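Below is one structure; the comments refer to it alone.
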Amino acid sequence: MAHISWKARLSRLGRLFQGQFATWTDSNLRGLAVNRDLVTRDAACCLRLFIRARKGSALRRFSLLGKSGVYRQTLMGTLGLYLAFLWRRI
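For the sequence shown, the numbering used here begins at 446 and goes up steadily by one.
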């Protein structure tokens, strides 16, 4: 339960503004690219949309993120994901 404390949330928000999540995302996307032949066609489509969603205008980013189907487990997490896309921090 420690990961849902206000202190933990503020820590994650700080890392978001510092660009740490974008760095982690870049690293994870490189790993997925190396193993793209191991994912299903649907997963590959989701991945392509997510990659494209990281570029372009805010409207385009939101549109592609929505089409990709990527979400977080909680409403607050998903809202945070969209804010990260708005601020180009993921």
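All C-beta atoms, glycine included, are put in the ideal place defined by N, C-alpha and C.
From a predicted model like this one, the values you see are computed outputs, not experimental measurements.
- Just measuring C-alpha positions, the residue of R486, Q465 and L492 sitting nearest G476 is L492.
- With the rule of 3 Cβ pairs closer than 8 Å, the segment 456-476 does not count as touching the segment 500-507.
- Counted as a single uninterrupted DSSP element, the stretch harbouring D482 is not any alpha helix (DSSP H), since DSSP gives it neither H nor E.
- Residues L461, F466 and I535 of the same chain have their beta carbon placed closer than 7 Å to that of A529, with the five preceding and five following residues left out of the count.
- By the Cβ-count criterion, R454 is exposed, with fewer than 16 other Cβ atoms from all chains shown falling within 10 Å of its own Cβ.
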